[in-house]
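Peer 1: Quick note, the sequences are listed as chains A and B, same order. Under numbering that gives the first Met the number 0, the first residue of the first sequence carries the number 0, and numbering increases by one thereafter. Under numbering that gives the first Met the number 0, the first residue of the second sequence carries the number 0, and numbering increases by one thereafter. Built from N, CA and C at the ideal position, the CB exists for glycine as well. Before I ask anything, let me first share the structure, which is written out below as structure tokens.
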Amino acid sequence: MSPVLHVDDLKVTIGGNPVVDGVSFDVNEGEIVSIVGESGCGKSMTAFAVMDLLPKAARLAGGRIMLGDTDLRALSEAQRRNLRGNHLAMIFQEPVASLNPLMPIGRQIAESLIVHRKTQGRDPRLAAIAMLEEVGIPEPEIRAGQYPFELSGGMCQRAMIAMSLICRPRLLIADEPTTALDVTIQAQILDLMKRLRDETGAAILLITHDMGVVADMADRVAVMYAGRVIEQAPVDDIFARQEHPYTRLLLSTIPRLDGRPKVTLPSIEGMVPDIGQWPVGCRFNPRCPLADQPCIEAQPALAPRRDTGFAACWHSDRVETML
Amino acid sequence: MSQPLLSVRDLKVHFPIRGGLLGKPSGWVKAVDGVDIDIGRGESVALVGESGCGKSTLGAAILGMQKPTSGTIMFEGREISRDTAATRRALSRELQIVFQDPVSALNPKLTIGESIAEPLAIHGVGTAGERRDRVAELLGLVGLHAQHAARKPTAFSGGQRQRIVIARALALNPKLLILDEPVSALDVSIRSQILNLLLDLQKRFGLSYLFISHDLSVVRHFADRVAVMYLGHIVESGATGDVFANPVHPYTEALLSAVPLPDPVAQRSRRRIVLKGDLPSPANPPKGCKFVTRCPLAEAVCHETHPPLVGVGDGWQAACHVRAPAPLAIPG
Numbered sequence: 000m001s002p003v004l005h006v007d008d009l010k011v012t013i014g015g016n017p018v019v020d021g022v023s024f025d026v027n028e029g030e031i032v033s034i035v036g037e038s039g040c041g042k043s044m045t046a047f048a049v050m051d052l053l054p055k056a057a058r059l060a061g062g063r064i065m066l067g068d069t070d071l072r073a074l075s076e077a078q079r080r081n082l083r084g085n086h087l088a089m090i091f092q093e094p095v096a097s098l099n100p101l102m103p104i105g106r107q108i109a110e111s112l113i114v115h116r117k118t119q120g121r122d123p124r125l126a127a128i129a130m131l132e133e134v135g136i137p138e139p140e141i142r143a144g145q146y147p148f149e150l151s152g153g154m155c156q157r158a159m160i161a162m163s164l165i166c167r168p169r170l171l172i173a174d175e176p177t178t179a180l181d182v183t184i185q186a187q188i189l190d191l192m193k194r195l196r197d198e199t200g201a202a203i204l205l206i207t208h209d210m211g212v213v214a215d216m217a218d219r220v221a222v223m224y225a226g227r228v229i230e231q232a233p234v235d236d237i238f239a240r241q242e243h244p245y246t247r248l249l250l251s252t253i254p255r256l257d258g259r260p261k262v263t264l265p266s267i268e269g270m271v272p273d274i275g276q277w278p279v280g281c282r283f284n285p286r287c288p289l290a291d292q293p294c295i296e297a298q299p300a301l302a303p304r305r306d307t308g309f310a311a312c313w314h315s316d317r318v319e320t321m322l
Numbered sequence: 000m001s002q003p004l005l006s007v008r009d010l011k012v013h014f015p016i017r018g019g020l021l022g023k024p025s026g027w028v029k030a031v032d033g034v035d036i037d038i039g040r041g042e043s044v045a046l047v048g049e050s051g052c053g054k055s056t057l058g059a060a061i062l063g064m065q066k067p068t069s070g071t072i073m074f075e076g077r078e079i080s081r082d083t084a085a086t087r088r089a090l091s092r093e094l095q096i097v098f099q100d101p102v103s104a105l106n107p108k109l110t111i112g113e114s115i116a117e118p119l120a121i122h123g124v125g126t127a128g129e130r131r132d133r134v135a136e137l138l139g140l141v142g143l144h145a146q147h148a149a150r151k152p153t154a155f156s157g158g159q160r161q162r163i164v165i166a167r168a169l170a171l172n173p174k175l176l177i178l179d180e181p182v183s184a185l186d187v188s189i190r191s192q193i194l195n196l197l198l199d200l201q202k203r204f205g206l207s208y209l210f211i212s213h214d215l216s217v218v219r220h221f222a223d224r225v226a227v228m229y230l231g232h233i234v235e236s237g238a239t240g241d242v243f244a245n246p247v248h249p250y251t252e253a254l255l256s257a258v259p260l261p262d263p264v265a266q267r268s269r270r271r272i273v274l275k276g277d278l279p280s281p282a283n284p285p286k287g288c289k290f291v292t293r294c295p296l297a298e299a300v301c302h303e304t305h306p307p308l309v310g311v312g313d314g315w316q317a318a319c320h321v322r323a324p325a326p327l328a329i330p331g
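Here it is as structure tokens:
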């Protein structure tokens, strides 16, 4: 069976500078794939490219994006619009800013049904109310008539999830869906996303910087750095053993609830390079404790890890013992 | 313990809700409603809770940026909450703050050397030359170079700017730093650098920290003691290791269980307590225990009376009718 989403050698540029530079991955039915990385690594641009929602300054410079057997880049604008919201939906980091402030949330949710003519004899208003109830909003009849400003952040994120799921999309892209929310509300939203995945079999592409959220949610993980996927593997394998120094360091720098307090944490020297300033060779080399001549000269390609998955490092065999 | 550096007793900060006839308040938001907190010398105390719990208002009140409605704030045994502007300025030598967002915390028109020297100039410390030397020393302390002093903030990354803000906060050799979400706005790979720096500075100078954060993993790593706030009240406080290992208050327990561990195998074996609903509006809190609307353990008494903080261990208190019942009061 073909994956729900297949991205191959995706390239995005801004002002001629690459921001996404040859990214490939698949998301299968009922699977949660997480793209993890820091600001500027290109994870959100990857999501926007799949959704065909790139900002004006950005250009899709190459690669293939397949939704099932449909090549998204070969479609007309009208065909793509029909896919968006219908088979392909996205939720964003700032739920309040992503909703129309001038329209009651029930209407906003119903609208996507009407636009995609999926009402099938159902009353769109009642369908919207049922969807609000499904995402755990109490008193959905009353809430449906309210505007975003009348709802809390967690409530708005639920409303956005309701809106994105009402047409039963095959793929849901969630870009930092809980970053702006408090931790008890985050727990509610993560549970909701898992439950909906189990019930509808939707594929979920989860973009986040939070390793805890990745460990909790993802089936497979792709780590991005400076526009490229530098390591990818099933979640248990990548947390158990890393073959890229960046993944290794990223996991070891975070203080943990079950860690030893007050110890000096490992840290990553320097900072994420700016777009247009990516170093030659391996892009992590100026910050990497293992870097030597080959790393400065040539960019390593993704190669199979010892167990499962892939890593792009000239010294992947030394990562386990580097700290 | 000897006299704490900072001692807050029954502090209340209430804000009027205007809009009634003739501008009379139509109600009150009790942002901080009867909080006690002590911070010893060289100690880190964390204040945790979700948005709207009052933790930042409490920090602002201690710093003198927010006038308390009632209660006392003692610093080195002296009541400071009713200080005049002049005595307050003198106190600012001892008490400094580091904010979450290092970008907005620095004046973009000043060089970072000027920014760091500003508190010295305001307090008339040293000659211009001595101040320059002190700036160079401070930059070294936070891991930057003296040559950086002539640059503007835009030349620095977020992590470097937070180092500059920390250098400025240390300029006058304060005893207490209020750290308001000091790493939340930083990239993950930078956070550990700043946490390491803060722990190192504390060791070297015996600094006390009030660490305001919503990130429990960071708090566990950083703080000696922790106070958990909910809707203006402290619901549990104690040594971080005790509270995090065996939380007594159901809110603390839920909060801890909601933090996903960066370990998929361990995470799968944990039970997450998912609380119902949202934080109630602070303008219209429930009667009785403030947590009653979301509490999985709530009983009849919880809807009626507000539970007091009760000792549950050494330096450990919780406010819960169910888990920490108060000793029976003698009627009459």
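Have a look at the DSSP bridge pairing and note the partners of A/Asp197.
Peer 2: Here residue 197 of chain A refers to the residue found at position 198 of the first sequence. Partner(s): none; A/Asp197 has no beta bridge.
Peer 1: Between the Cα of B/His248 and the Cα atoms of B/Ala166, B/Val309 and B/Asn195, which residue gives the shortest distance?
Peer 2: Mapped onto the second sequence, residue 248 of chain B falls at position 249. Answer by Cα proximity: B/Val309.
Peer 1: According to DSSP, simplified to helix, strand and coil, what is A/Phe238?
Peer 2: Counting from one through the first sequence, the residue named residue 238 of chain A turns up at place 239. Helix at A/Phe238.
Peer 1: Which value, in whole angstroms, describes the spacing of the CA atoms of A/Leu171 and B/Leu10?
Peer 2: Start at 1 with the first residue of the first sequence, and residue 171 of chain A comes out as number 172. Start at 1 with the first residue of the second sequence, and residue 10 of chain B comes out as number 11. Going by the C-alpha atoms only, they are around 47 Å apart.
Peer 1: Provide the residue span of the beta strand (DSSP E) that contains A/Met130, from first to last.
Peer 2: Locating residue 130 of chain A in the first sequence gives position 131, counting from the first residue. Premise fails: A/Met130 lies in the alpha helix (DSSP H), Pro123 to Glu133, not in any beta strand (DSSP E).
Peer 1: Could you check if B/Ile121 is buried or exposed, using at least 16 other CB atoms within 10 Å of its CB as the buried criterion?
Peer 2: Along the second sequence, one-based indexing puts residue 121 of chain B at 122. It counts as exposed.
Peer 1: With which residues is A/Val11 paired in a DSSP beta bridge?
Peer 2: Taking the first sequence and counting its residues from 1, the one referred to as residue 11 of chain A is at position 12. Answer is A/Val19 and A/Leu59, bridged to A/Val11.
Peer 1: Taking C-alpha atoms, which residue in B/Pro3, B/Lys108, B/Ile211 and B/Gly123 lies nearest to B/Met73?
Peer 2: Locating residue 73 of chain B in the second sequence gives position 74, where the first residue counts as 1. Nearest C-alpha to B/Met73: B/Pro3.
Peer 1: Using the beta-carbon of each residue, which ones in chain A are nearer than 9 Å to B/Thr239?
Peer 2: By one-based count along the second sequence, residue 239 of chain B stands at place 240. The answer, in chain order, is Pro260.
Peer 1: Assess contact between the segment 35–55 of chain A and the segment 213–225 of chain A, defined as three or more Cβ pairs (one per stretch) separated by less than 8 Å. Is contact present?
Peer 2: A contact exists between the segment 35–55 of chain A and the segment 213–225 of chain A.
Peer 1: Report the three-state DSSP secondary structure of B/Gln95 (helix, strand or coil).
Peer 2: Sequence index remark: in the second sequence, residue 95 of chain B carries index 96 (1-based). B/Gln95 falls in the strand class under three-state DSSP.
Peer 1: Using a threshold of 7 Å, state whether the C-beta atoms of A/Leu264 and A/Thr252 are closer than that.
Peer 2: The residue you call residue 264 of chain A lines up with position 265 of the first sequence. The residue you call residue 252 of chain A lines up with position 253 of the first sequence. Yes, they are a contact pair.
Peer 1: Under 8 Å by Cβ, that's how I've got B/Val12 and B/Asp223 pegged, so tell me the actual separation to the nearest angstrom.
Peer 2: Taking the first residue of the second sequence as position 1, residue 12 of chain B is located at position 13. Taking the first residue of the second sequence as position 1, residue 223 of chain B is located at position 224. Actually they are not in contact, since the Cβ atoms of B/Val12 and B/Asp223 sit about 25 Å apart, beyond 8 Å.
Peer 1: Identify, in the order they occur along the chain, each residue of the same chain with its Cβ nearer than 7 Å to the Cβ of B/Leu387, setting aside the five sequence neighbours on each side.
Peer 2: No information on residue 387 of chain B is available, as it lies outside the stretch 0 to 331 that chain B covers here.
Peer 1: Using a 10 Å radius around the Cβ and a threshold of 16 neighbouring Cβ atoms, would you call A/Arg196 buried or exposed?
Peer 2: Here residue 196 of chain A refers to the residue found at position 197 when the first sequence is read from its first residue. With 16 or more Cβ atoms within 10 Å of its Cβ, A/Arg196 is classed as buried.
Peer 1: Starting from B/Ser236 and walking both ways along the beta strand (DSSP E), at which residues does that stretch end?
Peer 2: For the purposes of this step, residue 236 of chain B is identified with residue 237 of the second sequence, where counting begins at 1. From DSSP, the beta strand (DSSP E) with B/Ser236 extends over His232 to Ala238.
Peer 1: What residues from chain A crowd round B/His213, counting only those whose CB sits closer than 8 Å?
Peer 2: To locate residue 213 of chain B, count along the second sequence from 1; it is residue 214. Within 8 Å Cβ-Cβ: Asp181 and Val182.
Peer 1: Would you call the segment 159–178 of chain B and the segment 128–146 of chain B in contact, with 3 or more CB pairs under 8 Å?
Peer 2: Segments in contact, yes.
Peer 1: How would you write the range of the beta strand (DSSP E) that A/Asp174 sits in, first residue to last?
Peer 2: The sequence position of residue 174 of chain A within the first sequence is 175, counting from 1. Residues Leu170 to Asp174.
Peer 1: Using a 10 Å radius around the Cβ and a threshold of 16 neighbouring Cβ atoms, would you call B/Ala148 buried or exposed?
Peer 2: As a working note, residue 148 of chain B is residue 149 in the second sequence. Result: buried.
Peer 1: Residues of the segment 215–236 of chain A in Cβ contact with chain B at a cutoff of 7 Å, in chain order, please.
Peer 2: For the segment 215–236 of chain A, which is checked against every Cβ of chain B, the residues closer than 7 Å are Asp215, Val234 and Asp235.
Peer 1: With 7 Å set as the bound, which would you pick, yes or no: does the beta-carbon of B/Arg369 sit closer than that to a beta-carbon of chain A?
Peer 2: Past the edges of chain B, shown from 0 to 331, lies residue 369 of chain B, and the structure says nothing about it.
Peer 1: State yes or no: is the C-beta of A/Gly62 within less than 7 Å of the C-beta of A/Leu9?
Peer 2: By one-based count along the first sequence, residue 62 of chain A stands at place 63. By one-based count along the first sequence, residue 9 of chain A stands at place 10. Yes, the pair counts as a contact, with Cβ atoms nearer than the cut-off.
Peer 1: Please confirm if A/Gly41 has its CB atom under 7 Å from at least one CB of chain B.
Peer 2: The residue given as residue 41 of chain A occupies position 42 in the first sequence. Chain B, which has no Cβ nearer than 7 Å to the Cβ of A/Gly41, makes this no.
Peer 1: Quick check on the DSSP output: what are the complete alpha helix (DSSP H) runs of length 4 or more inside the segment 237–284 of chain A, in order along the chain?
Peer 2: For the segment 237–284 of chain A, whole alpha helix (DSSP H) runs of length 4 or above, ordered along the chain, are 244–252.
Peer 1: What residues from chain B crowd round A/Ile253, counting only those whose CB sits closer than 8 Å?
Peer 2: Numbered from 1 along the first sequence, position 254 holds the residue referred to as residue 253 of chain A. Near A/Ile253 (Cβ distances below 8 Å), the residues of chain B are Val187, Arg190, Ser191, Ser216 and Pro261.
Peer 1: Quick one: what's B/Tyr208 bridged to in DSSP?
Peer 2: Position 209 of the second sequence, counted from the start, is the residue given in the question as residue 208 of chain B. B/Ser43 and B/Leu176.
Peer 1: To the nearest angstrom, how far is it from the Cα of A/Val95 to the Cα of A/Phe283?
Peer 2: Within the first sequence, residue 95 of chain A is the residue found at index 96, counting from 1. Within the first sequence, residue 283 of chain A is the residue found at index 284, counting from 1. Distance between the alpha carbons of A/Val95 and A/Phe283: 36 Å.
Peer 1: Suppose contacts are defined by Cβ-Cβ distances below 7 Å. Is B/Phe210 in contact with B/Leu178 by that definition?
Peer 2: Your numbering for residue 210 of chain B matches position 211 in the second sequence. Your numbering for residue 178 of chain B matches position 179 in the second sequence. Yes; because the gap between Cβ atoms is below 7 Å, this pair is in contact.
Peer 1: Mark A/Asp215 as exposed unless 16 or more other C-beta atoms lie within 10 angstroms of its C-beta, in which case mark it buried.
Peer 2: The residue labelled residue 215 of chain A in the question sits at position 216 within the first sequence. Its Cβ being crowded by 16 or more others within 10 Å, A/Asp215 is buried.
Peer 1: Quick one: is B/Ala254 buried, meaning 16 or more other Cβ sit within 10 Å of its Cβ, or exposed?
Peer 2: As a first step, residue 254 of chain B is located in the second sequence; it is residue number 255 there, counting from the start. A small fix is needed here, since residue 254 of chain B is Leu in this sequence, not Ala. With 16 or more Cβ atoms within 10 Å of its Cβ, B/Leu254 is classed as buried.
Peer 1: Evaluate contact between the segment 199–208 of chain B and the segment 24–44 of chain B, counting only Cβ atoms and requiring at least three cross-stretch pairs below 8 Å.
Peer 2: Verdict: yes, contact present.
Peer 1: Here's the rule: buried if 16 or more other CB atoms are within 10 angstroms of the residue's CB, otherwise exposed. What is B/Thr292?
Peer 2: Walking along the second sequence from the start, residue 292 of chain B turns up at place 293. So B/Thr292 ends up on the buried side.
Peer 1: When the distance is taken between beta carbons, is A/Gly84 closer than 7 Å to A/Ser43?
Peer 2: Translated into the one-based positions of the first sequence, residue 43 of chain A becomes position 44. Translated into the one-based positions of the first sequence, residue 84 of chain A becomes position 85. Cβ atoms of A/Ser43 and A/Gly84: not closer than 7 Å.
Peer 1: Looking at chain B, is there any beta carbon in it that lies within less than 7 Å of the beta carbon of A/Phe238?
Peer 2: The residue given as residue 238 of chain A occupies position 239 in the first sequence. Yes, its Cβ sits closer than 7 Å to a Cβ of chain B.
Peer 1: Measuring CB atoms only, is the segment 231–239 of chain B touching the segment 303–318 of chain B, in the sense that at least three cross pairs come out at less than 8 Å?
Peer 2: Output reads yes: the segment 303–318 of chain B touches the segment 231–239 of chain B.
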